[in-house]
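Student: In our numbering, the protein residues as written are 2 to 611. Each residue gets a CB set at the ideal place from its N, CA and C atoms; glycine is no exception. Could you have a look at this structure, given as structure tokens, before my questions?
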């Protein structure tokens, strides 16, 4: 039996896997009360906003893949809010910007997470709003033990908070003191806000009406009004080195409604893999699977240079298509990009040496249009605040490791993301990847206790791309939950934080699980890697040609082999690549067997099952 950091959990009742143990246990408590996986996911998601505020927040975003028991396909709830109606390319260029800052208020989009979570609760769940908010209120008011990462982040951001973002200092430097790891940390402003929402909506006559009233409070009431006031009146320092106001209005908030969509999918052996559409990077995973279908990937040792090389070269091709073709647009040639003929032409480009080119394809014979390729170091970075990708620049603070985004001594900490996967005794499944609203990338809004998302940094300020900035348009997000059906039946819900690495790590896990018989925990624990040979989705939007980062558990001979093929190798900590959380279900006779696994990297994620 292969050693794992923890067992693959198995049971028959239900399972929740997330990036924080408190959130997972809260989700399981919802299942124990007789509620569904959908209720569990919502309660888990709201707790994650409180206990991992450096990774997501109430004014962030969340794509959700929902699979009701017996469904023939999942449904997508898009909790990715759009750009403000005032966000035009002309406006940014008149400010002298050719790239959207990764911090401050200019990059703020309409916060979609609250709307998406409550849509899931109203349309699929059984619990009351009060039930799913109570644990988040409890931890916000009573306190939660601060994980080392948050304490490090606050310490690193102290100068920015005290100098430029005093509202953040009030929340995260209580009494002028940086909180300590392991000590209880509170955010009573969030507790008060959620309690007020509950109190204001109790008089509605039905569960659904109470949820709708809460949505009105957020998007057409006091929360929307406060967000508009803050954006209109506060000039906030950002990574451009200047101060700017925000663009979100109360009307932008009122106009928002989470979109309910069909997923996109592809088959791989006896599996069908479902992803969000090209407003996310999700179809990248499907394109990679289509390319790999015609290779010997199943026969390769996953610890070999051949395996790593093939996955990396496949990733480069799919990511080039992402950056050329994807976006919140009806003009994305999705059918052609996912066709077998197109995969054949892309596969033929892979050789035994590392490509240093960025090579988008020509689906339907159309010519690609690529964004600018800025090599690492092109843009001067003031060093305070940051965007998302789980890739660090040296130097790192002491003991800053374990696969979350690293802090620099200047204070530049790139926010990240969390993951929720859940399944219940009836066979309902959900996968959600919440993010945004990181406290290190935008100041706390006084009176609300949370920061706005800066997801708008993913728009390009160049014309002609499906991901070019336009008013009231979703940025092409990196957030990308996954669901797998096997032999026509719902099988697995999973995902990971990690910016541009999310689908890379999910692909590697799938290959380990499908081709090498690894159970969920073994596949999560196994050594992993990623490439940065792609334009980063986050400010400063740079590319590192030919770069591969491997966990140090890969043998030196493998690294030497890859370097000989032309790859630029970075050796990372032994446990630093990926933060996957997965649940699965299958029938054992006439009884449903439930499985779950969670990420040991970061010493924080946990799965609960019975």
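For residue 376 and residue 317, what's the separation of their Cα atoms in angstroms?
Tutor: Approximately 16 Å between the Cα atoms of the pair.
Student: Quick one: grab the DSSP three-state call for residue 167.
Tutor: Helix at residue 167.
Student: Would a C-beta distance cut-off of 8 Å place residue 475 and residue 329 closer than the cut-off?
Tutor: Yes, they are a contact pair.
Student: Since residue 282 and residue 532 should fall inside the 8 Å C-beta cutoff, what is the C-beta to C-beta distance between them, to a whole number of angstroms?
Tutor: Actually they are not in contact, since the Cβ atoms of residue 282 and residue 532 sit about 14 Å apart, beyond 8 Å.
Student: Hey, residue 563 and residue 306: beta-carbon distance below 8 Å or not?
Tutor: Yes, Cβ-Cβ distance for residue 563 and residue 306 is below 8 Å.
Student: Roughly how many angstroms separate the alpha carbons of residue 301 and residue 161, rounded to a whole number?
Tutor: Spanning the two alpha carbons is a distance of roughly 48 Å.
Student: Residues in the same chain with beta-carbon distance under 7 Å from residue 444, minus the five sequence neighbours each way, listed in chain order, please.
Tutor: Closer than 7 Å at Cβ, skipping near neighbours: 166, 168, 169, 237 and 452.
Student: Taking buried to mean at least 16 other C-beta atoms within 10 Å of its own C-beta, is residue 632 buried or exposed?
Tutor: Because the chain in this structure spans residues 2 to 611, residue 632 falls outside the shown range and cannot be described.
Student: If you drop the 5 nearest sequence neighbours on each side, which residues of the same chain put their C-beta closer than 7 Å to that of residue 241?
Tutor: Excluding sequence neighbours, residue 241 sits near 98 and 102.
Student: To test your reading of the DSSP string, which unbroken beta strand (DSSP E) runs of 3 or more residues are found completely within the region 202-272?
Tutor: Listed in chain order, they are 260-262 and 265-269.
Student: Could you check what DSSP says for residue 388 in three-state terms: helix, strand or coil?
Tutor: Here residue 388 scores only 49 on pLDDT, less than 50, and its place in the model should not be relied on; the value that follows carries that caveat. It is coil, neither helix nor strand.
Student: Should residue 610 be labelled buried (16 or more other beta-carbon atoms within 10 Å of its own) or exposed?
Tutor: Flag for residue 610 reads buried.
Student: Which class does residue 576 belong to by DSSP, given the choice of helix, strand or coil?
Tutor: Residue 576 falls in the coil class under three-state DSSP.
Student: Specify the secondary structure class of residue 405 as computed by DSSP and reduced to three states.
Tutor: Only weak support is given to the placement of residue 405: the predicted model assigns it a pLDDT of 49, under 50, and the value that follows is read from those uncertain coordinates. In the structure shown, residue 405 sits in coil (DSSP, three-state: anything other than H, G, I, E or B).
Student: Let me know if residue 40 comes out buried or exposed under the rule of 16 or more other beta-carbons within 10 Å of its beta-carbon.
Tutor: That one is buried.
Student: Can you give me the C-alpha to C-alpha distance between residue 222 and residue 152, rounded to a whole angstrom?
Tutor: Computed Cα separation, rounded: 34 Å.
Student: Whole angstroms are fine: how far does the CA of residue 342 sit from the CA of residue 54?
Tutor: Going by the C-alpha atoms only, they are around 44 Å apart.
Student: Within 10 angstroms of the Cβ of residue 538, are there 16 or more other Cβ atoms? Answer buried if so, exposed if not.
Tutor: Per the 10 Å Cβ criterion, buried.
Student: In the structure shown, what three-state DSSP assignment does residue 25 receive?
Tutor: Residue state, collapsed to three classes: helix.
Student: For residue 255, which of 217, 107 and 51 has the nearest alpha-carbon?
Tutor: Nearest of 217, 107 and 51 to residue 255, Cα basis: 217.
Student: Out of 456, 439 and 561, which has the shortest C-alpha to C-alpha gap to residue 83?
Tutor: Nearest C-alpha to residue 83: 456.
Student: On a CA-only basis, which of 547, 496 and 535 is nearest residue 524? Give me that one, please.
Tutor: For residue 524, the nearest C-alpha among the options comes from 496.
Student: Look up residue 185 in the DSSP assignment and give the residues it is bridged to.
Tutor: Note: residue 185 sits in a beta bridge opposite 146.
Student: Would you kindly check if the distance between the Cβ of residue 21 and the Cβ of residue 52 is under 8 Å?
Tutor: It is a contact, given that the beta carbons lie within the stated cut-off.
Student: Would DSSP call residue 88 helix, strand or coil?
Tutor: If DSSP states are grouped into helix, strand and coil, residue 88 belongs with coil.
Student: Return the CA-CA distance between residue 526 and residue 604, expressed in angstroms with no decimal places.
Tutor: Taking the straight line joining both Cα atoms gives about 12 Å.
Student: Just how far apart, CA to CA, sit residue 149 and residue 155?
Tutor: Their Cα atoms are separated by approximately 10 Å.
Student: Suppose contacts are defined by Cβ-Cβ distances below 8 Å. Is residue 372 in contact with residue 463 by that definition?
Tutor: Yes, the Cβ-Cβ distance between residue 372 and residue 463 is below 8 Å.
Student: Determine the extent of the beta strand (DSSP E) in which residue 531 is found, giving its start and end residues.
Tutor: Counting along the chain, the beta strand (DSSP E) containing residue 531 begins and ends at 530-532.
Student: If we define contact as Cβ-Cβ less than 8 Å, is residue 608 a contact residue for chain C?
Tutor: No chain C appears in this structure, which consists of one protein chain only.
Student: Would you check if the distance between the CB atom of residue 507 and the CB atom of residue 598 is smaller than 8 Å?
Tutor: Not a contact, by the Cβ cut-off of 8 Å.
Student: Do residue 208 and residue 273 have their beta-carbon atoms positioned less than 8 Å apart in this structure?
Tutor: Against a cut-off of 8 Å, the Cβ pair of residue 208 and residue 273 comes out as no contact.
Student: Between residue 562 and the ligand SAM, is the CB less than 7 Å from at least one heavy atom?
Tutor: In terms of ligand content, the structure shown is empty, and the ligand SAM therefore cannot be addressed.
Student: How about residue 441 and residue 540: do their beta carbons lie closer than 8 Å?
Tutor: Contact flag unset, no.
Student: Which same chain residues, not among the five before or five after residue 18, have their C-beta less than 7 Å away from its C-beta?
Tutor: If we look at residue 18 and ignore the five residues flanking it on each side, its Cβ neighbours are 25, 422, 582, 583, 584, 597, 598, 599 and 608.
Student: Check this for me: beta carbons of residue 322 and residue 361, under 8 Å apart or not?
Tutor: In contact: residue 322 and residue 361 (Cβ atoms closer than 8 Å).
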